[in-house]
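Chains as they are written, first to last, in my numbering: chain A, 5 to 303; chain B, 5 to 303; chain C, 5 to 303; chain D, 5 to 303. For glycine and all other residues, C-beta sits at the position ideal for the given N, C-alpha and C. Below you'll find the structure, written out as structure tokens, and then a few comments.
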């Protein structure tokens with residue numbers, strides 16, 4: 005079964021015109037690598053990089069990411085995909101092929117804290133984030149000037165208990181067909197199941213603790229109260245369970261009794277933006293597969 | 005108020021005969037450092053190292069650790085302690101003075117996993133752990149030969165649901181007056197409140213997770229199920245709340261989807277022994293103060 | 005001897021009006037802490053934090069940093085400093101007192117790479133860098149718009165082999181009496197001994213390697229060629245010896261055979277800005293003492 | 005060209021009887037993965053894990069490590085190897101196949117420091133080091149009892165300037181045909197080119213610094229003098245250039261001005277044993293390829 009909805013439609017990079025990335029999950033059995041690599045070879049593709057993982061040699065799942073070059077990819081990809089169903093049917097594969105030249109389009113959702121937003125804008129400007137930032141959506145108007153100075157559209161969608169449904173309708177309208185990935189860059193509103201459903205495994209949140217410790221609100225206050233010696237941040241895909249989705253990346257930093265809650269927040273900001281930026285980089289480079297609420301990260 | 009029960013009675017190191025360490029906690033107010041350092045100066049002591057921490061300049065607690073040399077310490081310490089009550093009463097201090105030449109006596113409690121025990125034995129043998137390992141107590145007899153080869157007494161105290169009370173009676177008898185610190189080096193039995201009461205803030209446990217994540221049993225299995233990208237270990241003082249006592253030290257290591265539960269255990273063993281050894285080192289060097297279920301660690 | 009030239013003259017923060025920081029180095033002998041803390045107590049000061057370090061109890065150097073509050077500091081500081089000479093003469097101290105309310109004034113020197121500059125501007129804007137960025141000086145005009153958008157003066161001082169002396173004359177004129185710290189935030193020109201002399205231990209450079217490995221040019225290329233498994237960055241005070249001054253802070257990140265030189269540069273940018281920002285933070289908070297080409301960092 | 009001399013002859017593990025690992029290096033061109041995986045599939049092998057790396061898609065080198073299961077491996081491997089020359093000749097491959105069931109045989113060379121030796125003995129005893137420790141060779145007799153208590157032969161080969169040649173002759177005789185990997189676990193003698201030649205890329209040394217900083221003797225003293233803020237250790241293959249061989253693994257730990265040379269040594273011992281153990285683990289699991297004085301580490 006070919007996964008349908010992922011392929012981004014914009015942001016063409018001519019220099020990578022012939023590069024593609026293939027992600028496959030299927031039940032493990034002998035011959036998968038042979039069949040896929042033989043198929044690609046016959047098509048004239050050159051495998052640049054491949055990573056694979058077998059959960060359990062006996063009856064487990066098999067995951068592979070293959071990066072390949074194929075001359076005249078644009079024209080030949082539809083045929084290649086059609087032909088590949090021979091292979092994929094044989095092994096009951098879930099699979100997708102992404103063209104590296106099509107940058108993924110990101111909508112950044114933010115509230116009042118700007119450190120994650122700034123980090124992403126800067127990495128994007130420096131060319132380190134191979135994606136398109138299509139829009140910033142915020143429940144406040146504070147960062148309009150900053151964002152627009154980067155030439156990026158800014159949408160102020162206020163959210164109050166009364167207008168929550170209407171706000172979400174607006175957010176869906178803004179993003180429909182224009183966004184491949186939603187990033188909650190310290191967006192302090194709960195996302196509804198309906199919105200999540202529209203972006204399955206395509207909403208990344210940064211939680212400001214080392215999950216599963218300190219789920220929910222005020223994690224730095226919780227960390228201070230517990231007297232931990234390391235604080236952390238967690239980037240994860242958003243699912244219906246609060247702070248319970250598949251973890252993409254985590255990191256920590258050492259703290260001591262000297263740090264009060266404000267110090268933890270300051271140190272934490274640094275971890276948050278680093279961890280979130282890494283998670284997004286991996287997503288837009290098609291390095292992440294999700295299986296049973298966990299990520300396989302080919303990084 | 006002078007804290008009484010801590011002073012170890014054994015393990016004299018002549019080379020440090022004149023070195024002492026003083027730990028003080030009291031409500032903060034002006035003049036504490038002046039009063040204490042003036043007092044020590046008048047006694048003829050030379051301050052080698054001092055670390056202090058004020059929780060909040062306005063009305064918070066004040067903590068200080070002072071390392072000093074005083075000629076002929078052995079003989080003069082009783083008088084010095086008596087005289088110091090002048091100062092301590094003025095500032096409502098809790099305080100203790102430890103002689104560096106008196107090594108703390110440790111009882112190691114173990115079950116079947118030997119990695120923490122081995123690490124401590126090796127650090128002790130290498131001279132990196134400035135303490136005396138007075139005995140090893142285990143609910144199994146497996147490690148007798150190993151432990152006795154280091155010249156350390158080994159006590160096999162089996163524990164079953166029926167004999168738990170009797171076992172604890174034995175443990176208390178073995179350690180009474182002979183042990184300054186109890187280390188649960190992967191000891192897989194719950195310690196009773198009665199035992200804990202006899203060693204307040206003097207039982208250190210190593211928990212094989214990054215607390216407060218994965219409290220309780222099988223933390224590596226829990227970590228695997230949750231798909232975390234870092235696993236950790238936590239050394240903490242034991243209180244009546246399971247895995248809830250003051251955290252002394254924590255550390256983590258990066259893992260990926262490739263690691264199964266057994267891999268996590270293997271990687272975790274390395275973190276556990278490192279973290280536990282650091283916590284013990286800090287304790288026996290009198291670097292830890294406990295206040296409101298948190299540690300102040302002057303390291 | 006009171007160290008003269010450091011005290012910044014600008015950037016007053018009223019909220020810290022009564023907070024001061026004292027840095028002292030002197031040969032160790034008994035009674036120093038007592039004398040200083042007694043002196044401060046008699047003046048009515050309250051010690052908030054103190055850190056000390058003795059190189060060697062027998063005949064080594066002694067270093068201390070004391071943070072204290074004194075009501076009406078502004079008015080009483082001159083007298084306090086005069087009176088303190090009694091103490092400082094007795095112990096042959098080098099010492100300085102800094103008022104926390106006077107933010108240090110920084111000149112950022114940059115060339116074409118903007119990541120260190122941006123990090124510092126953001127931290128400054130977020131209130132995490134307790135200093136004043138008085139000016140940016142660059143041998144290129146590229147970053148004028150960015151810098152001026154933060155309301156900071158930008159001085160373009162081109163440097164060619166022929167104009168080097170004249171350029172330096174301009175730089176000295178721009179900074180004379182207006183700058184407490186010069187930060188070389190990836191400034192790709194060699195600073196002359198004459199300039200260094202004007203800012204002793206007050207020029208911080210970020211070198212893009214884990215010194216002393218890969219001194220000099222193209223450190224990432226050198227690191228790639230040697231096949232190291234960690235790359236790093238080093239913030240140090242600038243002395244006449246190239247990349248040889250006292251090290252303030254270092255950090256590293258793991259790399260593998262997969263990373264080419266451009267990847268190392270990208271990863272390195274992240275380490276560089278983090279390490280440089282930490283070093284500057286410590287300097288402006290008066291946490292650094294230099295002794296015999298090494299730093300004592302009370303952090 | 006099949007690399008000849010590596011295949012260990014001892015230490016059979018029945019549970020892995022059918023598992024093999026293949027390492028290949030060759031100039032990159034299209035079809036390599038297809039050809040190899042097709043070949044393995046036709047032989048009936050199931051690929052469990054594969055990692056590959058292309059230095060440069062245009063004209064660079066290609067490296068791959070494949071782990072596969074093949075029923076009745078023992079009997080069929082000779083034929084498989086013979087048949088594989090068809091593939092390897094076509095792509096000018098250097099290649100080797102290792103049977104996972106044949107544990108590599110290690111000779112540990114030590115002098116007077118025991119921390120690396122102990123770490124390896126424990127990991128081996130705990131089943132974490134999938135190799136056979138065939139012998140310990142030392143220029144001192146100090147650790148005989150310890151080593152023999154693990155049931156491992158101990159050879160005392162004294163080395164003086166006069167007896168160096170004779171000592172090496174003895175070492176070669178002891179190891180000839182009986183050893184797949186020589187580990188210099190803090191062996192403080194220089195190995196001669198002649199000895200190195202006999203074990204190309206099969207001698208691993210632990211150097212007690214973060215190479216290339218502090219090449220040669222007394223690296224901790226050098227680190228202390230330079231005032232670095234991190235110290236490290238480096239495991240590398242031994243070549244004729246002192247401390248100049250391909251780096252396998254490195255790690256570091258934070259230190260401060262408080263640590264004197266002895267403290268650095270103590271902290272360093274912990275890094276050394278960890279880094280060395282990781283490097284050996286990777287070698288014995290056939291995860292390392294050497295190319296142009298660098299390692300490709302599939303870990």
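Buried or exposed by the 16-neighbour rule on C-beta atoms within 10 Å, applied to residue i
{"i": "residue 287 (chain C)", "result": "buried"}
{"i": "residue 8 (chain A)", "result": "At residue 8 (chain A) the pLDDT is 47, less than 50, meaning the model places this residue with poor confidence; the figure from the coordinates comes in the next sentence. Classification for residue 8 (chain A): exposed."}
{"i": "residue 284 (chain C)", "result": "buried"}
{"i": "residue 303 (chain B)", "result": "exposed"}
{"i": "residue 35 (chain C)", "result": "buried"}
{"i": "residue 290 (chain A)", "result": "buried"}
{"i": "residue 87 (chain B)", "result": "exposed"}
{"i": "residue 149 (chain B)", "result": "exposed"}
{"i": "residue 67 (chain A)", "result": "buried"}
{"i": "residue 233 (chain C)", "result": "buried"}
{"i": "residue 54 (chain A)", "result": "buried"}
{"i": "residue 216 (chain A)", "result": "buried"}
{"i": "residue 278 (chain A)", "result": "buried"}
{"i": "residue 29 (chain D)", "result": "buried"}
{"i": "residue 94 (chain A)", "result": "exposed"}
{"i": "residue 129 (chain A)", "result": "exposed"}
Expected contact under 8 Å - CB spacing of residue i and residue j to nearest Å
{"i": "residue 65 (chain A)", "j": "residue 114 (chain A)", "result": "Not really, about 36 Å apart at Cβ, beyond 8 Å."}
{"i": "residue 199 (chain B)", "j": "residue 174 (chain B)", "result": "Between residue 174 (chain B) and residue 199 (chain B) the Cβ distance is about 11 Å, and since that is not below 8 Å, they are no contact."}
{"i": "residue 185 (chain C)", "j": "residue 202 (chain C)", "result": "Going by Cβ atoms, the distance from residue 185 (chain C) to residue 202 (chain C) rounds to 12 Å, so no, they are not a contact pair."}
Run of the beta strand (DSSP E) containing residue i, from where it starts to where it stops
{"i": "residue 236 (chain C)", "result": "234 to 241"}
{"i": "residue 108 (chain B)", "result": "108 to 114"}
{"i": "residue 28 (chain A)", "result": "23 to 31"}
{"i": "residue 298 (chain D)", "result": "298 to 301"}
{"i": "residue 295 (chain B)", "result": "292 to 295"}
{"i": "residue 66 (chain B)", "result": "65 to 73"}
Among the options, the one whose alpha carbon lies nearest that of residue i
{"i": "residue 242 (chain A)", "options": "A:264, A:72, A:187 and A:54", "result": "A:187"}
{"i": "residue 177 (chain C)", "options": "C:204, C:299, C:91 and C:141", "result": "C:141"}
{"i": "residue 222 (chain C)", "options": "C:280, C:35 and C:212", "result": "C:212"}
{"i": "residue 276 (chain B)", "options": "B:102, B:209 and B:57", "result": "B:209"}
{"i": "residue 268 (chain A)", "options": "A:295, A:214, A:201 and A:68", "result": "A:214"}
{"i": "residue 23 (chain A)", "options": "A:139, A:45, A:127 and A:77", "result": "A:77"}
{"i": "residue 161 (chain D)", "options": "D:37, D:172, D:152 and D:81", "result": "D:172"}
{"i": "residue 179 (chain B)", "options": "B:121, B:266, B:138 and B:90", "result": "B:138"}
{"i": "residue 266 (chain D)", "options": "B:132, B:233 and B:261", "result": "B:132"}
{"i": "residue 52 (chain C)", "options": "B:49, B:52, B:280 and B:56", "result": "B:56"}
{"i": "residue 251 (chain A)", "options": "B:253, B:259 and B:248", "result": "B:259"}
{"i": "residue 126 (chain A)", "options": "C:280, C:300, C:273 and C:292", "result": "C:273"}
{"i": "residue 282 (chain A)", "options": "A:159, A:197 and A:189", "result": "A:189"}
{"i": "residue 62 (chain C)", "options": "B:60, B:257, B:73 and B:79", "result": "B:73"}
Partner residues on chain E for residue i, Cβ-Cβ distance less than 7 Å
{"i": "residue 126 (chain B)", "result": "The chain labelled as chain E is not found among the protein chains of the depicted structure, namely A, B, C and D."}
Residue i: first and last residue of the uninterrupted alpha helix (DSSP H) it sits in
{"i": "residue 259 (chain D)", "result": "Counting along the chain, residue 259 (chain D) falls outside any alpha helix (DSSP H), and DSSP gives it neither H nor E."}
{"i": "residue 267 (chain D)", "result": "265 to 288"}
{"i": "residue 89 (chain D)", "result": "77 to 95"}
{"i": "residue 102 (chain A)", "result": "Where residue 102 (chain A) is concerned, there is no enclosing alpha helix (DSSP H), although the beta strand (DSSP E) it sits in stretches over 98 to 103."}
_Members of the segment 262 to 279 of chain B that neighbour chain D once the beta carbon cut-off is set at 8 Å_ = Within the segment 262 to 279 of chain B, the residues whose Cβ lies closer than 8 Å to some Cβ of chain D are 270, 273, 274 and 278, listed in chain order.
*Would you list, in chain order, the members of the segment 230 to 264 of chain A that have their beta-carbon closer than 7 Å to a beta-carbon of chain B?*
230, 231, 232, 233, 234, 250, 251, 253, 254, 256, 260, 261 and 262
*the segment 171 to 204 of chain B: which residues have C-beta closer than 8 Å to a C-beta of chain D, in chain order?*
none
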